[in-house]
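Taken in order, the sequence shown gives residues 2 to 353; the numbers are from our numbering.
Notes for the one structure printed next.
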Amino acid sequence: MVGTRLMMKDWRILQGDVLERLRELPDDSVHCVVTSPPYWRLRNYGVVGQIGVENTPHEYLEKMLSVFREIRRVLRKDGTAWVNIGDCYAGSGCGGGGSYESERRGWQQCVTRRVPHLKRKDLVGMPWRLAFALQADGWWLRQDIVWSKPNPMPLSVTDRCTTSHEYIFLLTKRPKYYFDAAAIRIRAAPSSVQRWQQDIDSQTGSLRANGGAKANGTMKAVGGRPTTECRDKQRGHSRRHAGFNERWDHMTHAEQRAFGANRRSVWEIATQGFSGMHFATFPEEIPRLCIMAGCPEGGTVLDPFSGAGTTGVVALRLGRKYVGIEINPEYVEMSKRRIENDAPLLNKISGD
Ligand SMILES: C[S@@+](CC[C@H](N)C(=O)[O-])C[C@H]1O[C@@H](n2cnc3c(N)ncnc32)[C@H](O)[C@@H]1O
């Protein structure tokens, strides 16, 4: 495991209110923030001072803005912040699935109060309200990633579709920042792989110039050779322009295949049950992708709403350091045990 190479002071989880504990962290000390804050009025985490129980979206956003100002202070100039957040409807149990989950597992649940300017059953749009508020507050809103869930919580709604996605926003302090796109590349489409496997040298004319014939369902062959009909003009055109394409041209087919394609902005990731007492954990694949792209090896990852410590577990596995903040002492203890069981050779920072 990569993480076992880390030495002293690999991780710590600070118990307490996020704002208070963030204030104790030094400026520019964190490479990457990966977090899923409490959604507005979805769940009651059973602790005084918890965020998410505010009466209005405005109050919630004000609270979140204060938290994110502190996050911006502790984040390095080239750092990235990845924020996972879902939406809810006005006038109902929030979250489009909250009531089902709450009943099934016996959790206490908040009920959305009337939202100023919104009618009952209006989508609140909280992810975008938060994203725009953070943008207006100075953050660079670099991307909205859609977390698409192939196994969404079943709902009994009949007047709309079942909600099966949430957002992950990529925010930065500067327009230039650390981002390792190659670390999260996806496998190229079969048609691309097929094209790379062509013997381009044996082709002639514009097919050869265009890096091989397009290899998709419409490809036709005359005498064993692709016709100009299936030429991929766009690729031939763009490859003459960007530096990337020049490097691409010098790669072997094997290298091209290995490099794959740039990851798309829709991430299909199944929700992952967690056997511990925390009920709002995100699947490990979410922090894995965010950390691989957004934090250099050996760097420090912060989750200011640490919960069951999923971000910490993944960060340490990937050879990064971890700082978590969590208000609920029971979650803190549980997540410490989880991390210790997952990475017994790593060292906890003492004095937290
Ligand atoms: C959505 S959960 C995070 C789950 C986490 N991503 C995981 O996979 O385990 C949000 C967490 O924020 C915590 N929280 C709520 N208000 C807080 C506050 N004021 N300060 C610190 N933590 C808070 C809750 O107790 C909850 O564990």
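Ideal Cβ positions, reconstructed from N, Cα and C, are used throughout, including at glycine.
Under DSSP, the alpha helix (DSSP H) around tryptophan 268 begins and ends at which residues? No alpha helix (DSSP H) contains tryptophan 268, which is instead part of the beta strand (DSSP E) from 267-269.
What is the DSSP secondary structure of glutamate 298, reduced to helix, strand or coil? coil
What are the start and end residues of the alpha helix (DSSP H) that includes isoleucine 340? 330-343
Going by Cα to Cα distance, which pick from Leu135, Ala262 and Thr159 is closest to serine 192? Ala262
Assuming leucine 142 and methionine 65 make a contact with CB atoms under 8 Å, what is their CB distance in whole Å? That belief does not hold up - the Cβ atoms of leucine 142 and methionine 65 are roughly 14 Å apart, past 8 Å.
Does the Cβ of proline 345 have 16 or more other Cβ atoms within 10 Å, making it buried, or fewer, making it exposed? exposed
Since I believe glycine 310 is in contact with threonine 81 (beta carbons under 8 Å), could you give me their beta-carbon distance rounded to a whole number of angstroms? Between glycine 310 and threonine 81 the Cβ distance is about 20 Å, and since that is not below 8 Å, they are no contact.
Cysteine 89, DSSP secondary structure in three states: coil
Report yes or no: do three or more beta-carbon pairs, one from the stretch 8-22 and one from the stretch 282-289, lie closer than 8 Å? no
Give the range of the alpha helix (DSSP H) segment to which aspartate 131 is assigned. Here residue 131 turns out to be leucine, not aspartate, going by the sequence shown. It spans 127-137 - the alpha helix (DSSP H) in which leucine 131 sits, taken as one unbroken run.
Measuring only from the beta carbon, is serine 37 closer than 7 Å to any heavy atom that is part of ligand 1? yes
With distances taken from CA atoms, which of His118, Ala259 and Ile169 is nearest serine 266? Ile169
Classify valine 84 as helix, strand or coil using the three-state DSSP reduction. strand
Cα separation between valine 48 and leucine 76? 27 Å
Rounded to a whole number of angstroms, what is the C-alpha to C-alpha distance between isoleucine 146 and leucine 171? 8 Å
Going by CA-CA distance only, name the one from Ile326, Asp79, Glu331 and Leu62 that's closest to aspartate 138. Leu62
Output the distance between the C-alpha atoms of lysine 150 and threonine 164, rounded to the nearest integer angstrom. 9 Å
Is it right to say serine 336 is buried, meaning 16 or more other beta carbons lie within 10 angstroms of its own, or is it exposed? buried
How many Å lie between arginine 318 and isoleucine 185 at the Cα? 16 Å
Reduced DSSP category for tyrosine 61 - H, G, I as helix; E, B as strand; rest coil: helix
Closest to arginine 121 by CA distance: which of Ala134, Ala91 and Leu135 is it? Ala91
Pull up the CB-CB distance for isoleucine 292 and cysteine 33, whole angstroms please, since I reckon it's below 8 Å. 6 Å
Histidine 166, DSSP secondary structure in three states: strand
Is the beta carbon of proline 38 less than 8 Å from the beta carbon of valine 84? yes
Could you pull out every residue in the same chain whose Cβ sits closer than 8 Å to the Cβ of glycine 126, ignoring the five residues on either side in sequence? Asp88
What did DSSP end up calling arginine 289 once you bin it into helix, strand or coil? helix
Identity of the residue in Phe180, Leu43, Arg74 and Val302 nearest proline 27 by Cα: Arg74
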